[in-house]
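The next block holds one structure in the form of structure tokens; read it before the comments.
Protein chains: 2
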Amino acid sequence: MATSPLPPPPDTAAPDVGTQAVFENTAPAFSPLYQQIKTLILRSLQAGEWKPGDMIPSEFDLAARFRVSQGTVRKAIDELATDNLLVRRQGKGTFVATHAEAHTQYRFLRLLPDLGTLEDQGRAERQIIECRRLRAPAEVARQLALRTGDAVLQVKRVLAFGGTPAIVEELWLPGGPFKGLTLETLSDDQGPMYALFETQFGVRMVRAVEKIKAVSADEDAAALLEVSAGSPLLSVERLAFTYNDEPMELRRGLYRTDARHYRNELS
Amino acid sequence: MATSPLPPPPDTAAPDVGTQAVFENTAPAFSPLYQQIKTLILRSLQAGEWKPGDMIPSEFDLAARFRVSQGTVRKAIDELATDNLLVRRQGKGTFVATHAEAHTQYRFLRLLPDLGTLEDQGRAERQIIECRRLRAPAEVARQLALRTGDAVLQVKRVLAFGGTPAIVEELWLPGGPFKGLTLETLSDDQGPMYALFETQFGVRMVRAVEKIKAVSADEDAAALLEVSAGSPLLSVERLAFTYNDEPMELRRGLYRTDARHYRNELS
DNA sequence: CAGTGGTCTAGACCACACT
DNA sequence: GTGTGGTCTAGACCACTGC
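Heads up: the protein sequence lines correspond to chains A and B, in order.
The opening position of the first sequence corresponds to residue 69 in our numbering, with each subsequent residue numbered one higher.
The opening position of the second sequence corresponds to residue 69 in our numbering, with each subsequent residue numbered one higher.
Listed below in structure tokens is the structure:
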């Protein structure tokens with residue numbers, strides 16, 4: 069239990085765990101060991117020590133590294149797995165979750181066809197309308213935790229299924245982390261946009277919040293979605309976050325729901 | 069570890085656990101012990117052995133009853149707690165979840181004001197429009213797993229906040245479990261409808277699925293919601309389930325979203 | 001104080017994947 | 001077979017609640 073074959077040398081640098089909470093120095097707030105371990109793993113994820121798709125060290129190795137029992141590491145990993153930050157695969161190992169895998173693709177897309185195979189009626193056909201670099205309007209800046217006027221990227225695109233347009237959306241991305249993103253980058257890419265963000269910009273979207281309203285189609289949206297102006301559309305405003313609850317994308321979408329619906333599970 | 073002070077006598081009746089899976093007699097499907105315990109607890113919940121709000125036996129007692137270790141019971145309860153079927157309270161015990169508590173009220177209602185205190189701007193003002201007993205239309209029957217023509221209850225009501233109507237909805241309930249439900253029962257009651265269902269009919273809603281669309285207000289809805297005909301409204305169709313994934317309520321709602329929005333978290 | 005859930009450990013063994 | 005995650009146990013101790 070005492071050896072520590074990984075980065076932190078045997079008796080220093082590694083968080084030293086006595087019998088109970090370690091960082092209980094100042095605040096009287098009690099923090100369980102497994103929570104601290106969870107934080108340390110999270111930190112390694114943020115720092116990019118393990119990238120999306122990578123296998124992280126085994127529970128035993130991590131236990132040695134952090135000087136705790138395997139069961140404690142297990143509980144930390146369990147929680148990270150239920151948060152969809154890690155994926156466990158029995159017999160293989162534990163991996164950093166990614167949007168690039170078939171089974172987790174379009175994890176955030178809740179628009180489904182009313183009828184037929186929920187699975188897939190054709191891949192989504194994507195078309196980028198424009199990609200501009202500009203200064204953040206006040207409201208966009210506020211939501212992305214930037215200052216008004218900071219550089220941002222604005223992307224507009226249309227998604228269609230089986231030739232019928234279904235979604236028109238506008239994305240706002242902070243200019244810093246997404247430096248170098250162009251219309252060509254986006255257009256050339258196949259696969260989910262969040263997968264591109266991971267591989268090209270090292271940004272992994274972890275969770276998101278959506279605000280949904282019913283609105284009437286304006287002229288522009290009506291034309292792009294091939295409906296008549298004034299038709300009811302679903303307005304979906306999404307704020308997506310990366311590891312440290314940092315907002316990293318603001319997305320405003322209009323969904324056609326005449327033959328599809330937004331599905332949500334409550335529990 | 070061997071005593072069994074609860075209902076099942078010492079050496080019989082209680083599921084007998086050797087070293088591994090118990091019910092592994094016919095199917096080669098492997099089922100972990102804690103999963104079997106989870107099923108047994110679930111069965112007791114369905115049978116009404118413990119009712120919403122009740123405290124269930126301690127982990128130790130359950131461990132003795134099922135002849136497994138306390139840690140195994142713990143894992144079973146953990147999962148039931150994350151499914152919101154049970155609620156753990158340190159120092160006190162583990163309780164059957166209920167819709168009747170302040171902190172879990174309106175757990176399934178996702179409509180929030182765009183501005184101001186998310187907490188509450190006044191209680192919801194509810195008004196029952198009608199409550200009829202009739203024969204299930206085909207589509208309603210299908211969704212509630214009944215036969216077309218079976219007895220069902222149809223309830224219509226309006227919800228308002230601060231004097232402004234926000235939701236008009238129509239509920240369909242199976243006639244059997246809800247025998248005796250009348251307009252008076254519903255109107256007299258304060259508090260969430262799902263709480264009433266628990267206390268009066270022993271029906272606890274556990275989870276639900278919603279299908280959301282944008283639609284135009286027809287004359288009736290427009291009048292009730294005090295908007296002009298043709299205004300965009302959010303159509304929310306909810307199918308709610310009780311313990312055994314039995315569908316128990318079909319609800320079709322129209323939401324005004326001019327000053328409110330449907331909030332959803334993705335992860 | 002006793003009773004409850006919460007944390008942590010150590011070790012044994014099972015199931016699964018790869019080589 | 002070896003290495004990984006998954007299950008189960010037994011026991012010790014901590015934290016919170018209420019008598």
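In this text, a Cβ means the ideal position worked out from N, Cα and C, and glycines have one as well.
(1) Take the Cβ of G217(B) as the centre, count every other Cβ of all protein chains shown within 10 Å, and call the residue buried at 16 or more, exposed below.
(2) Quick check on the DSSP output: what are the complete beta strand (DSSP E) runs of length 3 or more inside the segment 133-170 of chain B, in order along the chain?
(3) If the criterion is Cβ atoms closer than 8 Å, does the pair R324(A) and L292(A) meet it?
(4) Under three-state DSSP, which class holds S255(B)?
(5) Specify the secondary structure class of L74(B) as computed by DSSP and reduced to three states.
(6) If you measure from the beta carbon of A276(B) to each beta carbon in chain A, is any gap under 8 Å?
(7) Does the Cβ of S335(B) have 16 or more other Cβ atoms within 10 Å, making it buried, or fewer, making it exposed?
(8) Just checking: is the beta-carbon of M316(B) within a distance shorter than 8 Å of some beta-carbon in chain A?
(9) Which term fits R319(A), buried or exposed, when burial requires 16 or more other beta carbons within 10 angstroms of its beta carbon?
(10) Tell me the DSSP bridge mates of K224(A)?
(11) How many Å lie between G248(B) and P120(B) at the Cα?
(12) Look at the alpha carbon of I280(B) and the alpha carbon of R133(B), and state the distance between them as a whole number of angstroms.
(13) For the structure I just gave you, are there three or more beta carbon pairs, one from the segment 262-281 of chain A and one from the segment 160-167 of chain A, closer than 8 Å?
(14) Less than 8 Å between the beta carbons of M123(B) and G161(B), yes or no?
(15) DSSP on M273(A), reduced to helix/strand/coil?
(16) Following the continuous beta strand (DSSP E) through Y311(A), name the residue where it begins and the one where it ends.
(17) Mind checking P178(A): buried by the 16 CB within 10 Å criterion, or exposed?
(18) Check the DSSP bridge columns for T232(B) and list the partner residues they point to.
(19) I280(A) touches chain B at which residues, Cβ-Cβ below 8 Å?
(20) Hey, how far is the Cα of E237(B) from the Cα of V304(A)?
(21) Near D182(A), which residues of its chain fall below 8 Å by C-beta distance, leaving aside the five closest residues on each side in sequence?
(22) Taking only beta-carbon positions, decide if S99(A) is within less than 8 Å of chain B.
(23) Quick check on N312(B) - is its C-beta less than 8 Å from some C-beta in chain A?
(24) Using 8 Å as the threshold, is the C-beta distance between V277(B) and L239(B) below it?
(25) For V295(A), which of helix, strand or coil comes out of DSSP?
(26) Does any CB atom of chain B fall closer than 8 Å to the CB of D122(A)?
(27) For S255(B), go through chain A and note every residue whose CB falls closer than 9 Å to its CB, in chain order.
(28) Name the chain A residues whose beta carbon is nearer than 7 Å to that of S284(B)?
(29) Going by DSSP, what residue range makes up the beta strand (DSSP E) through E207(A)?
(30) Kindly say whether F229(A), judged by its beta-carbon, lies nearer than 8 Å to any beta-carbon of chain B.
(31) Spell out the partners DSSP gives G321(B) in its beta bridges.
(32) If the criterion is Cβ atoms closer than 8 Å, does the pair G321(A) and I197(A) meet it?
(33) Output yes or no for whether 8 Å exceeds the beta carbon distance between A192(A) and F163(A).
(34) Taking Cβ positions only, does D151(A) come closer than 8 Å to chain B?
(35) Determine the chain A residues that contact S335(B) at a beta-carbon separation under 7 Å, and present them in chain order.
(36) In the DSSP assignment, the alpha helix (DSSP H) including Y102(A) goes from what residue to what residue?
Answer, in terms of the structure:
(1) Around the Cβ of G217(B), a 10 Å sphere holds fewer than 16 other Cβ atoms; the residue is exposed.
(2) Whole beta strand (DSSP E) segments, 3+ residues: 154-157, 161-164.
(3) Cβ atoms of R324(A) and L292(A): not closer than 8 Å.
(4) Three-state DSSP puts S255(B) in a helix.
(5) Here the model assigns L74(B) a pLDDT of 32, short of 50, so the residue's position is not dependable and the matter cannot be decided.
(6) It does: the Cβ of A276(B) has a partner Cβ on chain A nearer than 8 Å.
(7) Exposed.
(8) No, M316(B) does not count as interfacial toward chain A.
(9) It is buried - the Cβ of R319(A) has at least 16 other Cβ atoms within 10 Å.
(10) As computed with DSSP, K224(A) is found in a beta bridge with E198(A), E238(A).
(11) Each residue's alpha carbon lies about 21 Å from the other.
(12) About 45 Å.
(13) Result yes; three or more Cβ-Cβ pairs closer than 8 Å.
(14) Contact: yes.
(15) Reduced to three states, the DSSP call for M273(A) is coil.
(16) No beta strand (DSSP E) holds Y311(A); DSSP gives it neither H nor E.
(17) The identity of residue 178(A) in the sequence shown is Arg, whereas the question assumes Pro. Buried is the call here.
(18) Within the DSSP bridge table, the entry for T232(B) names F229(B) as partners.
(19) Those within 8 Å of I280(A) in chain B are I280, L302, T325, H329, Y330, R331, N332.
(20) One C-alpha to the other measures close to 22 Å.
(21) Excluding its 5 nearest sequence neighbours in each direction, D182(A) has C-beta neighbours in its own chain below 8 Å: A327, R328, H329, listed in chain order.
(22) S99(A) does not count as touching chain B.
(23) No - not a single Cβ of chain A is within 8 Å of the one on N312(B).
(24) V277(B) is not a Cβ neighbour of L239(B), given a cutoff of 8 Å.
(25) Looking at V295(A) - three-state DSSP - the assignment turns out to be coil, as it is neither helix nor strand.
(26) No, no contact with chain B.
(27) None at all; the shortest Cβ gap to chain A is about 26 Å.
(28) Simply P300.
(29) From DSSP, E207(A) is part of no beta strand (DSSP E) but of the alpha helix (DSSP H) over 206-211.
(30) For F229(A), the answer is no, since every Cβ of chain B falls outside 8 Å of its Cβ.
(31) For G321(B), which the question treats as bridged, DSSP gives the partners E237(B), V304(B).
(32) No, Cβ-Cβ distance for G321(A) and I197(A) is not below 8 Å.
(33) No; because the gap between Cβ atoms is not below 8 Å, this pair is not in contact.
(34) Chain B has a Cβ within less than 8 Å of the Cβ of D151(A).
(35) Those are D151, N152, R275, listed as they occur along chain A.
(36) In this chain, the alpha helix (DSSP H) harbouring Y102(A) covers 101-115.
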